[in-house]
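Engineer: Just passing along the structure, written as structure tokens.
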Amino acid sequence: MPPKFDPSLIPPYPTLTYEKQIAENGCTLIAGLDEAGRGALAGPLCAAAVILPVEKEGLAEALLGVRDSKQMSAIERELGAEEIRNIALDWSVAWVEAAEIDAIGMGKAGRLVFQRAIEGLKTKPGHLLLDYFKLPVVKLPQTSLVKGDQRSLSIACASVLAKTARDALMLSLPDPEGQYGFAQNKGYGAEEHVRAIEQHGLSPHHRRSFCEHLLQGRLFD
Numbered sequence: 006m007p008p009k010f011d012p013s014l015i016p017p018y019p020t021l022t023y024e025k026q027i028a029e030n031g032c033t034l035i036a037g038l039d040e041a042g043r044g045a046l047a048g049p050l051c052a053a054a055v056i057l058p059v060e061k062e063g064l065a066e067a068l069l070g071v072r073d074s075k076q077m078s079a080i081e082r083e084l085g086a087e088e089i090r091n092i093a094l095d096w097s098v099a100w101v102e103a104a105e106i107d108a109i110g111m112g113k114a115g116r117l118v119f120q121r122a123i124e125g126l127k128t129k130p131g132h133l134l135l136d137y138f139k140l141p142v143v144k145l146p147q148t149s150l151v152k153g154d155q156r157s158l159s160i161a162c163a164s165v166l167a168k169t170a171r172d173a174l175m176l177s178l179p180d181p182e183g184q185y186g187f188a189q190n191k192g193y194g195a196e197e198h199v200r201a202i203e204q205h206g207l208s209p210h211h212r213r214s215f216c217e218h219l220l221q222g223r224l225f226d
């Protein structure tokens, strides 16, 4: 078994420690990657890749407050995302749609969305920083960090871009009379959302494999 992760390794805010270690070995084009929407019942899986100017003086101070997107308010995320896009050397957002997730499963979808985010970059990175995952099919040096969005600023920036992009898309999805509440639940399994699925059935934006498994479980509760 792998050693248990020590929570004391998590700093108050994500830092550039890993980026600087990699840069010291001659690589400054480092892409941080993270995703949003993995556990949702509806909507796509989204991932972002961000290449920060790791040697830029004052970079950490300029992005102070950027952290794991789940720890930020919606307004903090929007302001942070704007700052990230202004500062980053390059960034990309990619998607795997609900129908694709149903067809290939979440495991493959998670790897595919990261590959698409990397392919969307105009600048080819020399190293990848990922939150927990590794991408065997991508032939680049990689560092996988447990709780990476809380430890690496590049991964935290990717977390914010993925979350804000996905939230914006969920707000734009057709939801007649707000019956599924996408604007509020962003496709996640809030109790009101589950009841709406039971009442109205599935929309084209729902992940059938997720929803049918959930509803089958509820039948036997």
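Be aware that the sequence shown starts at 6, since it is given in this note's numbering, and climbs by one per residue.
Backbone N, C-alpha and C define an ideal beta-carbon position, used for all residues, glycine too.
Since we're looking at a predicted model, the values are computed, not measured.
Considering only the alpha carbon of each residue, which of 161, 56, 65 lies closest to residue 125?
Structural biologist: Out of 161, 56, 65, 56 has the C-alpha closest to the C-alpha of residue 125.
Engineer: Go through its chain and collect everything with a Cβ distance to residue 90's Cβ below 8 Å, but skip five positions before and after it.
Structural biologist: So the qualifying residues of the chain are 96, 166.
Engineer: Do residue 10 and residue 139 have their C-beta atoms within less than 8 Å of each other?
Structural biologist: No, Cβ-Cβ distance for residue 10 and residue 139 is not below 8 Å.
Engineer: From what residue to what residue does the alpha helix (DSSP H) around residue 51 run?
Structural biologist: Element bounds for residue 51: not the alpha helix (DSSP H) but the beta strand (DSSP E), 50–56.
Engineer: Under 8 Å by Cβ, that's how I've got residue 71 and residue 33 pegged, so tell me the actual separation to the nearest angstrom.
Structural biologist: No, residue 71 and residue 33 are not in contact; Cβ-Cβ is about 19 Å, not under 8 Å.
Engineer: Using DSSP with H/G/I as helix, E/B as strand and the rest coil, what is residue 180?
Structural biologist: Of the three classes helix, strand and coil, the one that applies to residue 180 here is coil, per DSSP.
Engineer: State yes or no: is the C-beta of residue 73 nearer than 7 Å to some heavy atom of the ligand ATP?
Structural biologist: This structure lacks the ligand ATP, and indeed carries no ligand of any kind.
Engineer: Closer than 6 Å by C-beta to residue 172: which residues in its own chain qualify, once you throw out the five before and the five after it? Chain order, please.
Structural biologist: Excluding sequence neighbours, residue 172 sits near 191.
Engineer: Evaluate residue 137 with the Cβ neighbour count: other Cβ atoms within 10 Å of its Cβ, from every protein chain shown; 16 or more gives buried, anything less gives exposed.
Structural biologist: So residue 137 counts as exposed.
Engineer: Here's the rule I'm using: 16 or more other beta-carbon atoms within 10 Å means buried, otherwise exposed. How should residue 183 be labelled?
Structural biologist: Result: exposed.
Engineer: Report the three-state DSSP secondary structure of residue 101 (helix, strand or coil).
Structural biologist: Strand at residue 101.
Engineer: From residue 147 to residue 134, what distance separates their C-alpha atoms?
Structural biologist: If I take the Cα positions, the gap works out to 6 Å.
Engineer: Below 6 Å CB to CB, which residues in the same chain sit around residue 131 once its five sequence neighbours on both sides are set aside?
Structural biologist: Excluding positions up to five away in sequence, the list reads 32, 34.
Engineer: Compute the Euclidean distance between the alpha carbons of residue 214 and residue 159, then round it to the nearest angstrom.
Structural biologist: Roughly 32 Å between the two C-alpha positions.
Engineer: From residue 63 to residue 92, what distance separates their C-alpha atoms?
Structural biologist: If I take the Cα positions, the gap works out to 11 Å.
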